[in-house]
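Novice:
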Amino acid sequence: MERSTLSILKKHGGAMLLAALAGVGVSLGARAAELGEASVRSYIGQPLDVDIELVALAPDEQNLRVVLASPDVYKGANIAMNPALQSLSLSIGHGGGRRFLHVTSARPIDAAHLNLFLELIGGGRSAVRATTVWLTAAPAPLVKPAPLPTPTAAPAPAPAPAAAAAPAAAPAPAPA
C-alpha cells in the first residue's frame with residue numbers, strides 16, 4: 069500500500085516539512101552564476117572576441133572570478149581541448165545594467181565552434197559551467213565596381229573628305 073506525502077507529513081509532523089525546506093534552502097544557497105547568451109564578434113580564422121552574459125548572480129558573487137576549467141574537465145567530458153584555448157583572456161565587464169564575461173584569444177580560432185568549460189568562483193564556492201561558442205566564416209569583402217574611365221577631351225574630328233564635286237550643271241542656253 070502506498071503512503072501519500074500528506075500521510076507521511078501528518079505522521080511525522082512538521083519535522084519532515086522542516087527538513088524538506090532546509091534542503092531547498094541549502095540548494096538555493098549553493099546556486100552559482102550561470103552563463104547566458106553569447107555575443108560573438110569574430111569569425112573563423114580570427115582571434116576570438118565574445119561576450120557571454122552572466123546571469124543568476126547571487127549578492128555574494130559580486131566579486132566573481134572566472135577561469136578556464138582544467139584540462140581534466142575536458143577529458144572527463146570526452147571533449148578535445150582546442151589548443152587555442154590556452155591563450156584565452158577572461159575578464160568581467162558591466163554594460164547596460166548587465167554583467168558579462170569578455171573572452172578573447174591571442175591566437176586565431178580555426179574551428180566552427182569552441183566548447184568552453186569555465187570555472188566560476190565566488191561567494192566561497194565554485195562551479196564549472198559549459199557553453200559552446202559558434203563561429204561563422206568571415207563575410208566576403210565587398211567588391212567595388214571598377215572605376216569608370218575618366219572622360220578625356222575628345223580630339224577634334226578629322227575633317228571630312230571633301231565631297232566629290234557635284235557635276236557642274238550644264239550651262240543654261242543663251243537667250244535668243
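Residue numbering for the sequence shown follows this note's numbering, beginning at 69 and increasing consecutively. Glycine residues also receive a C-beta, built at the ideal position from the N, C-alpha and C atoms.
Excluding sequence positions up to five away, which residues of its chain have a Cβ less than 7 angstroms from the Cβ of Arg175?
Specialist: One-based indexing of the sequence shown puts residue 175 at position 107. These residues qualify, in order along the chain: Pro115, Ala152 and Ser155.
Novice: Judging by CA-CA distance, which residue of Arg166, Ile112 and His170 is the nearest neighbour of Leu158?
Specialist: Counted from its first residue, the sequence shown places residue 158 at position 90. Relative to Leu158, the option among Arg166, Ile112 and His170 whose CA is nearest is His170.
Novice: Taking all protein chains shown into account, do 16 or more other C-beta atoms lie within 10 angstroms of the C-beta of Val118, making it buried, or fewer, making it exposed?
Specialist: As a first step, residue 118 is located in the sequence shown; it is residue number 50 there, counting from the start. The residue is buried, with at least 16 neighbouring Cβ atoms inside 10 Å.
Novice: Kindly give me the distance between the Cβ atoms of Ile177 and Ile120, rounded to whole angstroms, as I take these residues to be in contact under 8 angstroms.
Specialist: Taking the sequence shown and counting its residues from 1, one reaches residue 177 at position 109. Taking the sequence shown and counting its residues from 1, one reaches residue 120 at position 52. In this structure Ile177 does not touch Ile120 by the C-beta definition: roughly 15 angstroms separates them, more than the 8 angstroms allowed.
Novice: Please return the same chain residues whose Cβ sits closer than 8 angstroms to the Cβ of Pro139, not counting the five positions on each side in sequence.
Specialist: Position 71 of the sequence shown, counting from 1, holds the residue named residue 139. Counting only Cβ-Cβ distances below 8 angstroms, and skipping sequence neighbours, we find Met149.
Novice: Quick check: is any heavy atom of the ligand PLP less than 7 angstroms from the C-beta of Val196?
Specialist: What this structure holds is no ligand at all, so the ligand PLP is not there to describe.
Novice: With a floor of 3 residues, list each beta strand (DSSP E) that falls wholly inside the stretch 159-234, ordered by position along the chain.
Specialist: 166-177, 181-190 and 193-202
Novice: What is the DSSP secondary structure of Ala152, counted as helix, strand or coil?
Specialist: For this step, residue 152 is matched to residue 84 along the sequence shown. Note: Ala152 maps to helix in three-state DSSP.
Novice: Go through its chain and collect everything with a Cβ distance to Asn183's Cβ below 6 angstroms, but skip five positions before and after it.
Specialist: On the sequence shown, residue 183 is found 115 positions in, with the first residue counted as 1. The answer, listed in chain order, is Ile147 and Thr200.
Novice: How long is the line joining the alpha carbons of Gly91 and Phe168, rounded to whole angstroms?
Specialist: Translated into the one-based positions of the sequence shown, residue 91 becomes position 23. Translated into the one-based positions of the sequence shown, residue 168 becomes position 100. For Gly91, the pLDDT reaches just 37, beneath the cut-off of 50, and the residue's location in the model is therefore unreliable, although a value from the coordinates is still provided. So the two alpha carbons sit approximately 30 angstroms from each other.
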